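Going by this note's numbering, 894 is the number at position 84 of the sequence shown; the sequence numbering is gapless. Structure record follows, encoded as structure tokens.
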Amino acid sequence: RNRSDQPSARPILIYASTRSLERPEVAAFIGFYFEKAPSLVGQLGYVPLPQKAYDLGRERVDKRLTGSIFGGKGSQVGVSIDQLLERENAEATSPK
811 RNRSDQPSAR
821 PILIYASTRS
831 LERPEVAAFI
841 GFYFEKAPSL
851 VGQLGYVPLP
861 QKAYDLGRER
871 VDKRLTGSIF
881 GGKGSQVGVS
891 IDQLLERENA
901 EATSPK
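Below, the structure written as structure tokens:
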């Protein structure tokens, strides 16, 4: 896919603390979000992320990885959200 067509918009982010994920209703909502967001976002007039971004976001939740993928740097020109997620997930799970 050619990345030159990236929308000039910010992603809508959701945050859940690891403690709140212990609550069944929060875990159920997060599961619903990752399952349904790709189709619902477009229906609401927003631009959905690539499926890979949703999958990687779900991976972060499942592994209880915390913190922003932007790491205080904000978005980076030429780097897609799925590339940021991939990099951050790998860094967070690699041995230190």
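Think of the CB as a built atom: it goes at the ideal place given N, C-alpha and C, for glycine as much as any other residue. Small disclaimer: the values here were computed from a predicted structure and weren't measured.
Inset, instruction - Apply the 10 Å Cβ neighbour rule to G867 and answer buried if 16 or more other Cβ atoms are within range, or exposed otherwise. - result: By the 10 Å Cβ count, G867 comes out buried.
Inset, instruction - Spatial neighbours of A863 within its chain, please: CB distance less than 7 Å, with the 5 preceding and 5 following residues excluded, ordered by chain position. - result: Within the same chain, A863 has close Cβ partners I891, D892, L895.
Legend entry - Within the stretch 831 to 874, ranges of the alpha helix (DSSP H) (whole runs, at least 4 residues): Correct list: 834 to 853, 861 to 872.
Inset, instruction - Sort T876, L854, V857, I824 by Cα distance to F844 and report the nearest one. - result: For F844, the closest C-alpha among the options T876, L854, V857, I824 is that of I824.
Legend entry - Chain-order list of residues whose beta-carbon lies under 8 Å from that of T828 (same chain, five-residue window excluded): Only R874, T876 meet the Cβ criterion.
Legend entry - Own chain, CB closer than 6 Å to L831, minus 5 neighbours either side, in chain order: These residues qualify, in order along the chain: A837.
Inset, instruction - Report the three-state DSSP secondary structure of A900 (helix, strand or coil). - result: In this structure, A900 counts as helix in the three-state DSSP scheme.
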